[in-house]
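Sequential numbering from 29 applies to the sequence shown in the numbering used here. No residue lacks a Cβ here, since even glycine has one placed at the ideal position from N, Cα and C. Accompanying notes for the structure given below.
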Amino acid sequence: MMHTLRRLADGGRTVVLVTHATANIVQCDHVCFLSQGRMVYFGPPMEAFQFFGVTSGDFADIYDRLDDPDPKVAQQKAAQWEQRFRQSPQYHQYVADRQRTLPQVKDEAARAPARKRPRVNPLRQFFVLARRYLDVILHDRLAFTVLLVVMPAIGLMLLLISEPNWLTGDTPAQIQQQLAAELEAGEQSATYTIMDSSQLLLFMHALASVMLGLFAGSYEIAKESSIYRRERMVTLRLLPYLASKVAVLGGFAMIQCLLFLIVISLKVDLPDTGVLLPAWLEMYVTLVVGTLAAIVMGLFISSLVPNTNAVIYVVLGMLFFQTIFAGVFFDMGDTLSRLTLTRWTVEGLGTSVDMEYLNDLTRTLFQPDPQEVEKPDPDWEPVTVMTTTQEIEIPCPSGVILTVPITVPQIEENELVTVTETVIPDPVDSTGGPDFYIDYDRTTKHLFWDWLMLICFALAFSAGTLAVLKRKDVR
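So, in structure tokens, the structure goes:
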């Protein structure tokens, strides 16, 4: 192709070619190197080696002199090379001297009105950016697969450790039967509790949604920073750009959260009723809102990091923060736990599932040790009754005295006779579990508060992302 273009140029045509391919660049009469929007060289190709101090004879090595993974350093290097070029013989010979020979063009350019940045419809730009972003994902099989199967895959792993009753509990009769069976098997105590397992399962729900959002958004701005800077210098607006990312990733999040709950429901029974809506629907809304907040947090991280190499370390740190300070495993108080997305997500899930009810199902039966007690012998009689016959004289009116025999009882107390007997006390029944570190108040107000907090996080991170991107604008 380069030889064909060379023949066209030799025929009197002007050919302008933008390329990163350097194999046949010597076919050109002049070459222009741009870095960060600055012209850092213009002149014959072979003189570029001398100007940039490249001795290998490979034009690709010139890019190493100009580029840097850190955008700030790359901007500084571009400014330095631009200044160096303006002081070079090549600039005076191939740029400045030629401009002086074109006074008419210069005057006309001075009289021409300054070009204004064309106005664009933000809504139309949003749809164009969203469609372009979606097309990129659909043509990237790996990214498309990851954005569809991560949460369902996590759901399958959770099924391996979950029990069907972890989110609904058992009936009182079933609980009594389980406890009695354990005591009959020789256990001294038997406890029924699913509170810990239920809370841990819900925390895995919350952590999965936050993890999905963080990883989905944390690379998106950093990996296309060069494209963003070029488009930002033309017509790209910040709000449509950010909204297109959130909309596309949020759409995939809605699909993944639904698939996640479907997979979980294959083994784990979901409650029938929530606070206001069916429990599964409230759980779905909580997961989606939590994931959206995490997506925007990921975009905020992506706008801060200098390159994609630093993303994974920042995300891992955030995941540890979301795990340790969520208030599920440790009592962190209100301050730190309120700064985590996982706290509000698991609170919303627990409110819909009714964690307070599951905690109240906690019950312990304790069988005290058998006691040796002294009891009266069954054959022992407290007293012995004996009777004797006695005669008494009864005077009559006629002066006759009658002698009448009567029976007189005699009672003799017997000494207590006891026997030792083993007595098995009735089991001691204790109900209710420990207090939670976070609030699972089952009210509509509390559920809406959890959702509102997640939305506020999303808005705050959106504002932070826009502010960071605005500061990066090329002035």
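Secondary-structure assignment with DSSP links ILE340 through no beta bridge to anything.
Within 10 angstroms of the beta-carbon of ILE329 lie 16 or more other beta-carbons, which makes it buried. Here TRP408 is exposed, its C-beta having fewer than 16 other C-beta atoms within 10 Å. Per DSSP, the unbroken alpha helix (DSSP H) holding ASP89 starts and ends at 88 to 94. Cα atoms of GLN118 and ARG35: separation of roughly 26 Å, rounded to the nearest angstrom. The Cβ atoms of LEU487 and TYR269 lie no closer than 9 Å to each other. Taking C-alpha positions only, PHE485 is separated from ASP92 by approximately 40 Å. Between SER226 and LEU195, the beta carbon gap of about 6 Å places them in contact (Cβ cut-off 8 Å). With contacts defined as CB atoms closer than 9 Å, THR47 and LEU235 fail to qualify as a contacting pair.
Straight-line measurement puts the Cα of LEU286 at about 12 Å from the Cα of VAL178. About 6 Å separates the Cβ atoms of SER190 and LEU229, confirming a contact at the 8 Å cut-off.
In this structure, the CA atom of GLU441 is about 32 Å from the CA atom of ILE452. In this structure, the alpha-carbon of VAL401 lies about 15 Å from that of LEU444. Taking a cut-off of 8 Å for Cβ pairs, the region 388 to 401 and the region 421 to 437 do not touch, as fewer than three such pairs fall below it.
Nearest neighbour of THR417 by Cα position, chosen from GLY65, ARG499, LYS295, THR435, turns out to be THR435. Taken atom to atom, the span from the alpha-carbon of ASP362 to that of THR368 is near 11 Å. For the pair ARG470 and THR379, the Cα-to-Cα distance works out to about 5 Å. Between the region 159 to 179 and the region 202 to 217, the count of Cβ pairs shorter than 8 Å is below three; the stretches do not touch. The alpha-carbon separation between GLU449 and ASP463 amounts to approximately 42 Å. With respect to the C-alpha of VAL333, the residue from ILE249, SER458, ILE182 having the closest C-alpha is ILE249.
The closest CA to that of VAL447, considering only PRO404, ASP359, ALA88, is found on PRO404.
In the structure shown, ASP125 falls within a helical segment according to DSSP collapsed to helix, strand and coil. Residue LEU186 holds the alpha-carbon nearest to the alpha-carbon of ILE290 among ALA201, LEU186, LEU393, VAL238.
Beta-bridge partners assigned by DSSP to LEU393: ALA218, ASP457.
Here the region 466 to 480 lies against the region 311 to 325, with 3 or more beta-carbon pairs under 8 Å apart.
Cβ contact annotation for PHE113 (same chain, cutoff 8 Å, sequence separation greater than five): MET67, VAL68, TYR69, PHE70, PHE79, TYR119, in chain order.
In the three-state reduction of the DSSP assignment, ARG66 falls in the strand class.
The continuous beta strand (DSSP E) containing ILE429 extends over residues 429 to 441. Assigned with DSSP and collapsed to three states, MET414 falls in strand. With fewer than 16 other Cβ atoms inside 10 Å of its own Cβ, PHE348 counts as exposed. Beta-bridge analysis with DSSP links PRO73 to no other residue. Taking 9 Å as the cut-off, the Cβ atoms of PHE231 and ALA307 do not count as close. The Cβ atoms of PHE280 and ALA321 do not sit closer than 9 Å to each other.
Secondary structure at LYS295: coil, using DSSP grouped into helix, strand and coil.
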